[in-house]
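A quick write-up on the structure given underneath.
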Amino acid sequence: MENVSTQLRTSHSGTAVTGIGPDRAYVLAECYGDLSTNDCILCITEARARVPSCNPAIGAQIFLDGCFLRKQKYNFFQEYKGSNDTVICGNKTMGNVFKNSVRQAISDVVRVAPRNRHYYARDVILSDTANESVYVLADCWDTLKESSCTECLNSAFESMVKCFPWSEGRALHTGCIIRYSNTNFLNPEPDSGNNGGKIVAAVISIIVGLLIVSIVLFYSWKRRCKSKRKQGSGDTKLLKILSSSGLNFKYSTIEKATSSFNEANKLGEGGFGTVYKGVLPDGKEVAVKRLFFNHRHRSRDFYNEVNIISSVEHKNLVKLVGFSCLGPESILIYEYVPNRSLNYFIFDAVRGKELNWAKRYEIILGIAEGLTYLHENSKIKIIHRDIKAANILLDSRLRAKIADFGLARSYQQDKNHISTGIAGTIGYMAPEYITHGKLTEKVDVFSFGVLLLEVVTGMPNRGIQTSEDSYGLVSVVWKHFKQGSVEELFDPNLMLNDQTSSKTKKEILSVVHIGLLCTQVVASLRPTMSMALQMLSKNIEPLPSPATPPYYIPETCIHLNESGAIHDPASFPTVSISSGIPR
Numbered sequence: 001m002e003n004v005s006t007q008l009r010t011s012h013s014g015t016a017v018t019g020i021g022p023d024r025a026y027v028l029a030e031c032y033g034d035l036s037t038n039d040c041i042l043c044i045t046e047a048r049a050r051v052p053s054c055n056p057a058i059g060a061q062i063f064l065d066g067c068f069l070r071k072q073k074y075n076f077f078q079e080y081k082g083s084n085d086t087v088i089c090g091n092k093t094m095g096n097v098f099k100n101s102v103r104q105a106i107s108d109v110v111r112v113a114p115r116n117r118h119y120y121a122r123d124v125i126l127s128d129t130a131n132e133s134v135y136v137l138a139d140c141w142d143t144l145k146e147s148s149c150t151e152c153l154n155s156a157f158e159s160m161v162k163c164f165p166w167s168e169g170r171a172l173h174t175g176c177i178i179r180y181s182n183t184n185f186l187n188p189e190p191d192s193g194n195n196g197g198k199i200v201a202a203v204i205s206i207i208v209g210l211l212i213v214s215i216v217l218f219y220s221w222k223r224r225c226k227s228k229r230k231q232g233s234g235d236t237k238l239l240k241i242l243s244s245s246g247l248n249f250k251y252s253t254i255e256k257a258t259s260s261f262n263e264a265n266k267l268g269e270g271g272f273g274t275v276y277k278g279v280l281p282d283g284k285e286v287a288v289k290r291l292f293f294n295h296r297h298r299s300r301d302f303y304n305e306v307n308i309i310s311s312v313e314h315k316n317l318v319k320l321v322g323f324s325c326l327g328p329e330s331i332l333i334y335e336y337v338p339n340r341s342l343n344y345f346i347f348d349a350v351r352g353k354e355l356n357w358a359k360r361y362e363i364i365l366g367i368a369e370g371l372t373y374l375h376e377n378s379k380i381k382i383i384h385r386d387i388k389a390a391n392i393l394l395d396s397r398l399r400a401k402i403a404d405f406g407l408a409r410s411y412q413q414d415k416n417h418i419s420t421g422i423a424g425t426i427g428y429m430a431p432e433y434i435t436h437g438k439l440t441e442k443v444d445v446f447s448f449g450v451l452l453l454e455v456v457t458g459m460p461n462r463g464i465q466t467s468e469d470s471y472g473l474v475s476v477v478w479k480h481f482k483q484g485s486v487e488e489l490f491d492p493n494l495m496l497n498d499q500t501s502s503k504t505k506k507e508i509l510s511v512v513h514i515g516l517l518c519t520q521v522v523a524s525l526r527p528t529m530s531m532a533l534q535m536l537s538k539n540i541e542p543l544p545s546p547a548t549p550p551y552y553i554p555e556t557c558i559h560l561n562e563s564g565a566i567h568d569p570a571s572f573p574t575v576s577i578s579s580g581i582p583r
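Under UniProt numbering, the first residue of the sequence shown carries the number 1, and numbering increases by one thereafter.
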């Protein structure tokens with residue numbers, strides 16, 4: 001990556017080949033044409049930091065607002081199309097004038113970009129009508145031939161047609177991107193004029209401005225010094241609070257418990273850290289999460305996370321045993337849960353047989369009880385934000401334990417919602433959260449609904465291999481629900497047969513129905529978790545009819561992160577795509 005960074009200083013792109021044999025890796029980094037060199041390097045640095053969250057995928061494709069990064073085990077530099085080519089649309093419809101302007105602007109950039117330096121083009125069509133101006137950007141990766149760039153952009157243009165009624169859209173293809181919006185996400189272009197008067201005026205302005213700036217900078221410097229002293233003092237106080245807590249472990253104790261983080265003790269790796277099995281001096285088995293980032297520089301965030309996790313206690317939540325905050329890295333210590341995660345079973349043709357319907361139903365109820373506690377019964381209202389099969393652990397009795405509170409947020413009971421940076425895993429994320437960043441407990445309800453459908457079908461929302469999966473698992477289930485053929489989607493590992501009682505089949509169909517209620521587009525139509533729990537446990541009839549589910553992207557592991565190096569408030573959230581096995 002150091003070689004790539006060097007290339008980025010003289011060009012907007014870079015490639016590298018590292019390692020030998022099975023460890024050989026090919027890397028491509030590309031910044032969009034309107035990004036400055038400094039912003040380009042910052043953006044790629046941010047993208048590089050996102051790669052671990054794609055584990056255990058073999059390869060990764062990271063799309064940020066200003067750049068792209070891809071890493072694979074093979075030479076992909078000439079690829080311009082692939083199975084993960086994706087289109088993401090907004091959810092606000094526009095009129096025909098806007099639609100026609102979008103079509104014209106995209107047509108223009110698709111025609112021009114392949115002939116431009118770095119295969120980049122942009123266009124703006126302004127409108128006197130509010131929110132009907134059009135801003136468009138197109139870019140191909142520098143490693144492509146001109147003909148490949150043309151074909152990639154034409155394909156992306158064709159796939160974007162479905163977005164044209166909407167206010168914004170993105171085509172994220174293997175070799176190129178196209179983006180349009182009714183809000184200006186473009187970076188300012190440098191002024192290319194040579195007017196001498198402008199130069200003289202600029203020089204005079206600079207001379208006068210320097211006098212003012214010198215004074216302003218002096219006072220700003222003094223304020224920053226005071227602010228840093230206060231912040232440093234605050235971080236020191238937080239570290240003192242953490243270190244004096246009874247839950248704080250010495251780093252050396254954890255290092256010894258895991259045999260110096262021996263690979264043999266590694267349980268898994270997620271988006272925020274690597275988990276190891278450990279044994280404390282008293283013989284207690286624990287799961288040690290070694291975080292990717294150093295929280296000594298983010299003590300406030302670490303304190304908040306520990307504070308959230310340590311404030312909850314429920315039989316269906318993984319218990320925090322302790323943490324370590326004063327060593328060379330930040331560590332969280334959880335109770336050890338021996339039976340791994342739910343996805344380890346339900347998405348595997350062999351291991352899935354270990355979970356019959358009775359066991360799966362108990363797991364579903366446990367998850368519902370845990371979420372109901374977080375939303376309504378804990379001291380503070382907590383939204384998990386990343387409910388998915390991989391974050392549901394199973395104890396020795398196959399009892400569900402909700403885990404991984406790295407993205408959890410708390411807020412007061414009397415607030416309707418909070419606005420926050422977007423984070424989670426697409427396929428499980430509610431549409432209003434993806435589009436507007438509106439976070440309520442209904443975001444968890446949506447994720448829970450997707451999870452119900454996965455448990456019943458044994459199919460992940462992002463990886464179905466059927467001819468009808470154009471809109472993901474939720475829409476496939478919806479189609480069968482409307483046709484009265486949901487039983488065709490039941491996981492064969494449920495081992496249902498002619499002797500299976502009608503009561504059991506009715507129970508499974510009810511779970512599917514509740515899953516569709518939880519995944520409705522309009523958040524207010526979704527039940528609360530306590531309502532969903534009642535529906536599941538008390539067999540409430542008749543259940544209300546669900547509305548049409550939202551559009552979903554198939555066969556792609558996509559997750560949106562809380563921040564990006566290049567961020568515009570009006571833009572889409574930062575998007576990263578990892579091809580292959582989801583994390």
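We put the CB at the ideal spot given by N, CA and C, even for glycine.
{"Asked": "Every unbroken alpha helix (DSSP H) within the UniProt domain \"Gnk2-homologous\" (80-185), with a cutoff of 4 residues, ordered by chain", "Found": "96-112, 146-160"}
{"Asked": "Expected contact under 8 angstroms - CB spacing of G175 and Y80 to nearest Å", "Found": "3 angstroms"}
{"Asked": "Buried or exposed by the 16-neighbour rule on C-beta atoms within 10 Å, applied to Y74", "Found": "exposed"}
{"Asked": "Segments assigned alpha helix (DSSP H), at least 4 residues, entirely inside the region 298-370", "Found": "299-310, 342-346"}
{"Asked": "Q483, enclosing beta strand (DSSP E) - first and last residue", "Found": "Note, Q483: premise wrong, no beta strand (DSSP E); alpha helix (DSSP H) at 472-483."}
{"Asked": "Close Cβ partners of F98 (< 6 angstroms) along its chain, the five nearest in sequence each way excluded", "Found": "E132"}
{"Asked": "For G278, the three-state DSSP class (helix, strand or coil)", "Found": "strand"}
{"Asked": "8 angstroms Cβ shell around K145 - same chain, five flanking residues per side excluded", "Found": "Q78"}
{"Asked": "Bridge-paired residues (DSSP) for E269", "Found": "T274"}
{"Asked": "Whole-angstrom distance between F63 and G366, CA atom to CA atom", "Found": "36 angstroms"}
{"Asked": "Rounded C-alpha distance that separates G458 from I364", "Found": "14 angstroms"}
{"Asked": "Distance CB(G14)-CB(N3) smaller than 9 angstroms", "Found": "yes"}
{"Asked": "Proximity below 9 angstroms, CB of S148 to CB of D85", "Found": "no"}
{"Asked": "Residue(s) in a DSSP beta bridge with I402", "Found": "L317, I392"}
{"Asked": "Bounding residues of the alpha helix (DSSP H) (the contiguous stretch that carries F448)", "Found": "441-457"}
{"Asked": "Cβ contact (3+ pairs, closer than 8 angstroms) linking the region 526-544 and the region 498-518", "Found": "yes"}
{"Asked": "Beta-carbon gap between S485 and P549 smaller than 9 angstroms", "Found": "no"}
{"Asked": "Which of helix, strand or coil DSSP assigns to T253", "Found": "helix"}
{"Asked": "S502: first and last residue of the uninterrupted beta strand (DSSP E) it sits in", "Found": "Counting along the chain, S502 falls outside any beta strand (DSSP E), though it belongs to the alpha helix (DSSP H) covering 502-518."}
{"Asked": "Check whether S341 and L398 have beta carbons under 9 angstroms apart", "Found": "no"}
{"Asked": "DSSP three-state assignment for L42, whether helix, strand or coil", "Found": "helix"}
{"Asked": "G21 to N307 span [Cα, whole Å]", "Found": "45 angstroms"}
{"Asked": "Whole-angstrom distance between T37 and G197, CA atom to CA atom", "Found": "Residue placement at G197 is flagged as unreliable, the pLDDT there being 45, under the threshold of 50; the coordinate-derived value follows with that caveat. Each residue's alpha carbon lies about 28 angstroms from the other."}
{"Asked": "Close beta carbons around N265, own chain, < 8 angstroms, minus the five adjacent residues each side", "Found": "T258, S259, Y276, K277, G278"}
{"Asked": "Sufficient close CB pairs (3 or more, under 8 angstroms) joining the region 106-123 to the region 88-95", "Found": "no"}
{"Asked": "Assigned exposure category for Q104 - 16 Cβ within 10 Å defines buried", "Found": "exposed"}
{"Asked": "Beta-carbon gap between C163 and V286 smaller than 9 angstroms", "Found": "no"}
{"Asked": "Rounded C-alpha distance that separates K401 from V312", "Found": "13 angstroms"}
{"Asked": "Separation of S330 from G322, as counted between CA atoms", "Found": "11 angstroms"}
{"Asked": "Range of the contiguous beta strand (DSSP E) that encloses L69", "Found": "67-72"}
{"Asked": "Cα-Cα separation between residue 584 and I254, rounded to whole angstroms", "Found": "With the chain covering only 1 through 583, there is no way to say anything about residue 584."}
{"Asked": "Residue span of the alpha helix (DSSP H) that contains Q534, given as start and end", "Found": "529-538"}
{"Asked": "Contact belief for R385 with F446 at Cβ below 8 angstroms, rounded distance in angstroms", "Found": "Their Cβ separation, rounded to whole angstroms, is 11 angstroms, which puts R385 and F446 out of contact at 8 angstroms."}
{"Asked": "Member of R351, F405, T372 whose CA lies at the smallest distance from the CA of Y334", "Found": "F405"}
{"Asked": "Rounded straight-line distance, which links the Cα of V455 to that of R360", "Found": "7 angstroms"}
{"Asked": "Check whether F345 and L355 have beta carbons under 9 angstroms apart", "Found": "yes"}
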